[in-house]
Amino acid sequence: MIMFRSPVFPLLALSLLPLLSARGNPGGTDLEVLRNRLVASLLPREPLEKKTLFRKARRALGSLRKDGTWRDVDYASRNRSAWRAARHLYRCLLLARAARLSGSREYARAALVSLRFWLNKDPRNPNWWWNQIGVPRRIGETALLLQKRLEPEDTKKVLEILRRSRWKGWTGQNLVWGVTIQVLRGLLEGSARTAARAFRRMYQEIRIVDPSREGIQADMSFHQHGRVLYSGGYGAGFTADAGRFLSFARGTAFAAPREKTDLLLSYVLDGQRWMIRGAYWDYGVMGREISREGRNALGILPGLKALEPLAGKRLPEL
50 MIMFRSPVFP
60 LLALSLLPLL
70 SARGNPGGTD
80 LEVLRNRLVA
90 SLLPREPLEK
100 KTLFRKARRA
110 LGSLRKDGTW
120 RDVDYASRNR
130 SAWRAARHLY
140 RCLLLARAAR
150 LSGSREYARA
160 ALVSLRFWLN
170 KDPRNPNWWW
180 NQIGVPRRIG
190 ETALLLQKRL
200 EPEDTKKVLE
210 ILRRSRWKGW
220 TGQNLVWGVT
230 IQVLRGLLEG
240 SARTAARAFR
250 RMYQEIRIVD
260 PSREGIQADM
270 SFHQHGRVLY
280 SGGYGAGFTA
290 DAGRFLSFAR
300 GTAFAAPREK
310 TDLLLSYVLD
320 GQRWMIRGAY
330 WDYGVMGREI
340 SREGRNALGI
350 LPGLKALEPL
360 AGKRLPEL
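Here the sequence shown stands for residues 50 to 367, numbered as in our numbering.
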């Protein structure tokens with residue numbers, strides 16, 4: 050095998066995304082620690098990132114209509130992949146992030162108005178992924194940032210959407226997405242039991258599977274959609290999300306068994322590492338991601354950065 054240096058791993062030393070503000074236990078219950086860490090991960094820390102966030106938020110605020118909609122969003126869209134109606138959710142989350150970061154009532158009111166429009170209309174897409182993963186995840190993140198400002202009716206509608214995400218029969222990255230949504234649900238319900246159940250299911254998925262199954266393979270590659278080699282597609286999302294949530298749970302009752310952390314590190318350092326050159330994946334491991342604009346290996350950085358406190362003797366390799 051030809052060995053090469055990839056900037057993805059050295060970049061961790063100059064991390065673009067210092068995701069976790071809580072290096073130790075910030076106090077309070079495990080659920081509060083988890084909430085604080087997850088909220089911190091949704092907010093930018095670097096001055097340039099903050100500046101960019103507020104620039105986009107001002108634009109979204111300025112074009113928001115009184116009914117909580119945007120004129121340029123196609124709410125009737127039925128596109129199964131690039132669902133144009135989902136732009137509403139991205140802007141709603143953007144406003145919620147700006148509100149949480151600045152404490153601005155104006156941003157908070159705008160975020161609530163746009164969130165309530167979606168909750169009341171409850172748009173659906175023909176593609177199950179949007180209804181059970183894409184929408185619940187964005188709604189859950191937005192609601193978490195706005196939690197103290199939500200009315201009981203808001204929370205009820207949010208939880209109804211999050212409960213649509215059921216992981217029965219799901220595997221690989223689809224399963225991890227479903228788990229993260231149920232962690233959000235646990236935080237919004239104040240239910241440590243719901244969060245714990247979600248983490249347990251995630252840890253079950255961090256394993257070496259039979260070649261006929263989806264997930265981490267014995268050679269540290271990753272399969273999804275059957276036996277499709279997807280280390281640079283679904284497998285990259287698996288690293289980013291599993292890495293982040295393992296680190297959110299560290300030092301709490303939700304923490305992963307050490308062997309699960311070690312396996313995830315092996316998957317990254319003994320598998321994905323050799324599929325990256327520069328900032329790019331080997332084309333053969335990307336699946337359909339190869340046809341999507343802007344896809345590169347930098348997307349796994351949040352997961353790698355999050356794994357730093359858990360890396361132990363393998364930290365120098367990250």
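Note that beta-carbon positions come from the ideal geometry of N, C-alpha and C, so glycine has one too.
These numbers come from a predicted model, not from an experiment.
Nearest-angstrom Cα distance between residue i and residue j?
i	j	result
N223	P93	26 angstroms
R72	G292	The predicted model places R72 with a pLDDT of 36, which falls under 50 and marks its position as unreliable; any figure quoted below should be read in that light. Roughly 15 angstroms separates the two Cα atoms.
V88	V232	12 angstroms
R173	P365	46 angstroms
G221	A355	19 angstroms
R276	R262	7 angstroms
P306	Y252	8 angstroms
V225	S130	20 angstroms
V184	L138	8 angstroms
E357	R120	43 angstroms
A106	K170	23 angstroms
I325	G281	9 angstroms
D123	F166	14 angstroms
E19	L208	This structure cannot speak to residue 19, because the chain is shown only from 50 to 367.
R127	E308	43 angstroms
V334	S270	9 angstroms
G239	R215	19 angstroms
Q196	S153	15 angstroms
E254	Y279	16 angstroms
T101	W219	36 angstroms
L211	K217	15 angstroms
T204	L161	12 angstroms
G77	I339	With a pLDDT of only 47 at G77, under 50, the local geometry of the prediction cannot be trusted, and the value read off the model is given with reservation. If I take the Cα positions, the gap works out to 44 angstroms.
N85	L97	23 angstroms
E155	E81	27 angstroms
Residues in the same chain with beta-carbon distance under 7 angstroms from residue i, minus the five sequence neighbours each way, listed in chain order, please.
i	result
L359	L295, S296, R299, T310
A289	G348, I349, P351, G352
F103	A147
E39	The requested residue 39 is not part of the displayed model; the chain covers only 50 to 367.
G361	none
A125	none
H272	E263, G264, Q266, L278, Y279
Would you say residue i faces chain C, with C-beta separation under 8 angstroms as the test?
i	result
R187	No chain C appears in this structure, which consists of one protein chain only.
As a quick exercise: from the options, pick the residue whose alpha carbon is nearest that of residue i.
i	options	result
N176	W132, P351, L356, K205	W132
W330	I255, L161, N345, S340	N345
I182	G281, R146, T204, R213	R213
A259	A267, A147, W179	Checking the sequence, you will find Asp at residue 259 rather than Ala. Residue A267 is the option with its Cα nearest to D259.
L236	R249, R341, L194, R146	L194
A159	L313, R146, K170	R146
A192	K217, A157, W216, W178	A157
T229	G218, G189, L208	G189
R249	I265, E238, G227	G227
L367	S340, V334, G333, L313	L313
W179	E155, R136, L143, L144	R136
L83	E338, S340, R234	R234
A134	N85, R108, R187	R187
Can you give me the Cβ contacts of residue i inside the same chain, cut-off strictly under 8 angstroms, excluding the 5 residues immediately before and after it?
i	result
D79	A241, T301, A302, F303
H274	E263, Y283, G336
R363	L314, L318
L143	L102, K105, A106, A109
Y332	I339
To which residues of the same chain is residue i closer than 6 angstroms at the C-beta, ignoring the five residues directly before and after it?
i	result
S163	G117, C141
K206	L168
K99	P93
D150	Residue 150 is actually Leu in this sequence, not Asp. L92.
G286	Q222
I19	Residue 19 is absent from the model: the chain starts at 50 and stops at 367.
Where in the segment 295 to 321 do unbroken runs of the alpha helix (DSSP H), each at least 4 residues long, occur, reported from the N-terminal end onward?
307 to 319
Is the segment 239 to 258 close to the segment 199 to 214, with three or more CB pairs under 8 angstroms?
no
Say whether the segment 111 to 131 touches the segment 310 to 324, bearing in mind that this needs 3 or more beta-carbon pairs closer than 8 angstroms, one atom from each stretch.
no
Hey, which unbroken runs of the alpha helix (DSSP H) at 4 residues or more fall wholly within the segment 195 to 262?
201 to 211, 221 to 238, 241 to 254
Enumerate, from N- to C-terminal direction, the unbroken beta strand (DSSP E) stretches of 3 or more residues contained entirely within the segment 320 to 344.
none
Runs of alpha helix (DSSP H) lying entirely within the segment 69 to 147, each at least 4 residues, in chain order
79 to 90, 96 to 112
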